[in-house]
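K.L.:
Supplied in structure tokens, the structure appears directly below.
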Amino acid sequence: WQTRSRGRMPLFKRFVEIGRVVLISYGPDAGKIATIVDVIDQNRLLLDGPEKLTGVHRHEINVKRVTLTDMKVDAHHNATHKQLVKLWEADDIMGKYEASAIAKKRKGRAARAKATDFERFEIMLARKERAAARKAAM
């Protein structure tokens, strides 16, 4: 019998590892990105923003409060704040994050949440126009 991984892509691509860039999804820093500096145990991580770039100071956080991203910096165990700043600037992590699907989705949701009743009405009319144009083209 054959193994599952034979000739296929690996099942998981995002691992909890040192240097992985994460999105904080819960707590006072929710919506900010940070780097895993150390894995304390199976439930807790040590994160550092770096604070100069992201506003996230070095602190401990539960694994359940973060979302792993595809981005990773080449940081070593317990990298200093200065080292992280250099790595982030060299790899343009903020630029990569802003161009990622996660960031675009979050911006879209925030814009939708901020929309007034009239703006939602205008969006509805524009959708109706597009649907009618699509229908007429068929």
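Position in the sequence shown counted from 1, then plus 1255, gives you the numbering used here. Don't be surprised by glycine CBs; every beta carbon is placed ideally from N, CA and C.
1. Under 7 Å Cβ to Cβ from residue 1348, same chain only, skipping five residues before and after it: list those, please.
2. Look up residue 1323 in the DSSP assignment and give the residues it is bridged to.
3. Exposed or buried, residue 1283, counting other C-beta atoms within 10 Å across all chains shown (16 or more means buried)?
4. For residue 1314, list the residues DSSP reports as bridge partners.
5. Hey, could you find the ends of the beta strand (DSSP E) residue 1292 is sitting in?
6. Measuring straight from C-alpha to C-alpha, what distance separates residue 1374 and residue 1295?
7. Taking C-alpha atoms, which residue in 1268, 1371, 1387 lies nearest to residue 1324?
8. Residue range of the alpha helix (DSSP H) that residue 1363 falls in?
P.N.:
Well, looking at it:
1. 1276, 1326, 1328, listed in sequence order.
2. The bridge partners DSSP lists for residue 1323 are 1277.
3. Residue environment analysis places residue 1283 among the exposed positions, since fewer than 16 neighbouring C-beta atoms fall within 10 angstroms of its C-beta.
4. Looking at the DSSP assignment, residue 1314 forms a beta bridge with 1302.
5. For residue 1292, the enclosing beta strand (DSSP E) covers residues 1288-1294.
6. The straight-line gap from Cα to Cα measures roughly 47 Å.
7. Comparing Cα-Cα distances from residue 1324 to each of 1268, 1371, 1387, the minimum goes to 1268.
8. Unbroken alpha helix (DSSP H) run through residue 1363: 1356-1369.
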